[in-house]
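A.B. asks:
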Amino acid sequence: MFHVKHSISHIIYSVEDLKSTETIIQSNNEVLGKYTERLLWWNEKINLVSRDVSHETLMSHVHHSLLLYPLIERLSPKKVIDTGTGGGLPGLPLAVCMPAITFHFNDIVQKKIMAVKQMSKTLGLDNTSFGAGSIANEKMDIGELVITKHAFKISDLVGFLEGKPWAEILFLKGEEEVGGELSKTSLPLKAEVISLDKVITDEFYQGKAIVRVKRMAEAHE
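The sequence shown maps to residues 5 to 225 in our numbering.
#1: Could you tell me which whole alpha helix (DSSP H) segments of length 4 or greater appear in the region 142-205?
#2: How many angstroms separate the CA atom of residue 84 from the CA atom of residue 178?
#3: Would you report the Cα separation of residue 224 and residue 171, rounded to the nearest angstrom?
#4: Output the distance between the C-alpha atoms of residue 192 and residue 109, rounded to the nearest integer angstrom.
#5: Which stretch, first to last residue, makes up the alpha helix (DSSP H) that contains residue 99?
#6: On the three-state DSSP scale, how would you describe residue 55?
#7: Between residue 135 and the rest of its own chain, which residues show a CB-CB distance below 6 Å, the 5 nearest in sequence each way excluded?
#8: Excluding sequence positions up to five away, which residues of its chain have a Cβ less than 7 Å from the Cβ of residue 40?
#9: Of the choices 16, 30 and 116, whose alpha-carbon is the least far from that of residue 214?
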């Protein structure tokens, strides 16, 4: 355990951002539904998500992923890296809704990347790229945004990204996990914990948060 002073702040996901997310979901509902169907199909062949997952639960995961949409829109990165993507979450729903941004999908399991690549092709996306293997081996340019959904502890991912010029990391994870995970990294970080269950009453979101992580020296906002 490292005795490093990190900065942690807590806010609530805004009603305005929730409305923005709901609007983009409605605008892309047909394609998002098609993605969910393909994810179910692939999940029967490759263990991308829980074997017994329902269509309804997968749609909840899609909606959960798209809560990142307003944040990414404001950050306006040229490229987003979805690491530990599994079955394409959170990146594929975001790639559907944000065609002007390139989304790169990374997972250590090659067959999962193969499935995500095929789903992207089926959805007709031309703003996606793919890389199998450890995120530590991925090339990264200045200003790229990293996103991940319940795939990494903060300390582990920051460690894998050591020496890379990442701008910010957006985690979808449990709110109570943040403090303990930050305590295990020696890099001074600023974390903004955005609670979801204070504005979304669905039980699915209980305890869930978006966690924005920056290096302390770059944390101007």
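Virtual Cβ for every residue (Gly too), placed ideally from N, Cα, C. Please read all numbers here as calculations on a predicted model, not as lab measurements.
C.D. replies: So, from the listed chains and residues:
#1: 158-164 and 182-186
#2: Numbered from 1 along the sequence shown, position 80 holds the residue referred to as residue 84. Numbered from 1 along the sequence shown, position 174 holds the residue referred to as residue 178. Roughly 22 Å separates the two Cα atoms.
#3: In the sequence shown, residue 224 corresponds to position 220, counting from 1. In the sequence shown, residue 171 corresponds to position 167, counting from 1. Caution applies to residue 224, whose pLDDT of 45 falls short of 50 and renders its modelled position unreliable; the value that the coordinates give is listed next. If I take the Cα positions, the gap works out to 12 Å.
#4: As a first step, residue 192 must be located in the sequence shown, where it is residue number 188. As a first step, residue 109 must be located in the sequence shown, where it is residue number 105. C-alpha separation (whole angstroms): 27 Å.
#5: Here residue 99 refers to the residue found at position 95 of the sequence shown. Where residue 99 is concerned, the enclosing alpha helix (DSSP H) stretches over 95-101.
#6: The residue given as residue 55 occupies position 51 in the sequence shown. DSSP places residue 55 in coil when its eight states are reduced to three.
#7: For this step, residue 135 is matched to residue 131 along the sequence shown. The answer, listed in chain order, is 110 and 142.
#8: Position 36 of the sequence shown, counted from the start, is the residue given in the question as residue 40. Counting only Cβ-Cβ distances below 7 Å, and skipping sequence neighbours, we find 59, 62, 63 and 66.
#9: The residue you call residue 214 lines up with position 210 of the sequence shown. Selected option, being the one with the closest Cα: 16.
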